[in-house]
Amino acid sequence: YILGVSSGAAVGAIVAILMGFGTLSVGLPLTSFAGGLLTILIVFYSGRQEGKIHPNTLLLAGVIVSSFLSALIMFFLSVSPREELRTIVFWLMGDFSLSNYQAIRLIFPYLLFAFLLLYAHARQFNLILSGEESALQLGVNVERLKMIAYVGASLMTAASVSMCGLIGFVGLIVPHSVRLMFGPDHRLLLPASAFIGASLLIASDTLGRTLFSPVELPVGVITAAFGGPFFIYLLRTRKVVKIL
-1 YILGVSSGAA
9 VGAIVAILMG
19 FGTLSVGLPL
29 TSFAGGLLTI
39 LIVFYSGRQE
49 GKIHPNTLLL
59 AGVIVSSFLS
69 ALIMFFLSVS
79 PREELRTIVF
89 WLMGDFSLSN
99 YQAIRLIFPY
109 LLFAFLLLYA
119 HARQFNLILS
129 GEESALQLGV
139 NVERLKMIAY
149 VGASLMTAAS
159 VSMCGLIGFV
169 GLIVPHSVRL
179 MFGPDHRLLL
189 PASAFIGASL
199 LIASDTLGRT
209 LFSPVELPVG
219 VITAAFGGPF
229 FIYLLRTRKV
239 VKIL
């Protein structure tokens, strides 16, 4: 979200819907994924200085790009025909109805590659928890590890958003909760976060479909409804501060 990858994928999805690609089995996910990848390239190009990634510069570039993309989203919402407007709004709040196995087969390799890339460096992520200087002394290439983390997380975000739209709080709440339950070891944290996050989405989608049946609530509404209060609870108990 902060780096603008989600907004880039959303712009790609909106363009696909307005151009009529949203009715194709792979049109919307493919265009959305391309929008997310393009955003990654722009943010990384803007955030790199002298061959190094500076977190503050990268975050600032992400906020600027995200703000511009948010303005584009608002523009498209303002000029969209009524028929497409409902589809766009529903997708922006999180929607699994347009997902299909053909699109999953197209996007899954990128998702799997990003996950394996991050998991292969789980030990190095553990070392960097003690600080960058300590990790450097232990032989960790910190700049390279940062790039791997940003690229892997961005690819997974773009792939996920392209399939189901913008669903907030899952990537914020689940990793913190998993770390509280299982500890900071990334060898366990990464697969546990993936499994519990997927389970949470399935439960939220089921609840959204049945809570006010036959009216279907977007998945993002359900996750935000309990995600916001839960994160406030974590902040109040100061456990998030200890985690970070």
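In terms of the working numbering, the sequence shown opens at residue -1 and continues consecutively. Note that beta-carbon positions come from the ideal geometry of N, C-alpha and C, so glycine has one too. It should be emphasised that the depicted structure is a prediction, and the values quoted were computed from it without experimental measurement.
In chain order, A59 place their CB closer than 6 Å to the CB of S44, counting only its own chain and leaving out the 5 sequence neighbours on each side.
Using a Cβ distance threshold of 8 Å, T221 and V138 do not count as a contacting pair.
Nearest neighbour of S64 by Cα position, chosen from P27, Q100 and G34, turns out to be G34. Exclusion of the five residues before and after T85 leaves I15 as the residues of its chain whose Cβ lies within less than 6 Å of its Cβ. Runs of the alpha helix (DSSP H) lying entirely within the segment 3 to 62, each at least 4 residues long, are 3 to 16 and 25 to 45 in chain order.
Between D93 and V217, the gap from beta carbon to beta carbon is short of 8 Å. A direct Cα-to-Cα measurement between L70 and G10 gives close to 11 Å.
In the structure shown, the three-state DSSP call for F210 is strand. Counting along the chain, G218 sits inside the alpha helix (DSSP H) bounded by residues V217 to R234.
Linking I62 to F180 through their CA atoms gives a straight-line distance of about 35 Å. It is roughly 7 Å from the alpha-carbon of L26 to the alpha-carbon of S160. DSSP places Y117 within a helical segment (H, G or I) once states are collapsed to three.
Per DSSP, the unbroken alpha helix (DSSP H) holding M161 starts and ends at V140 to C162.
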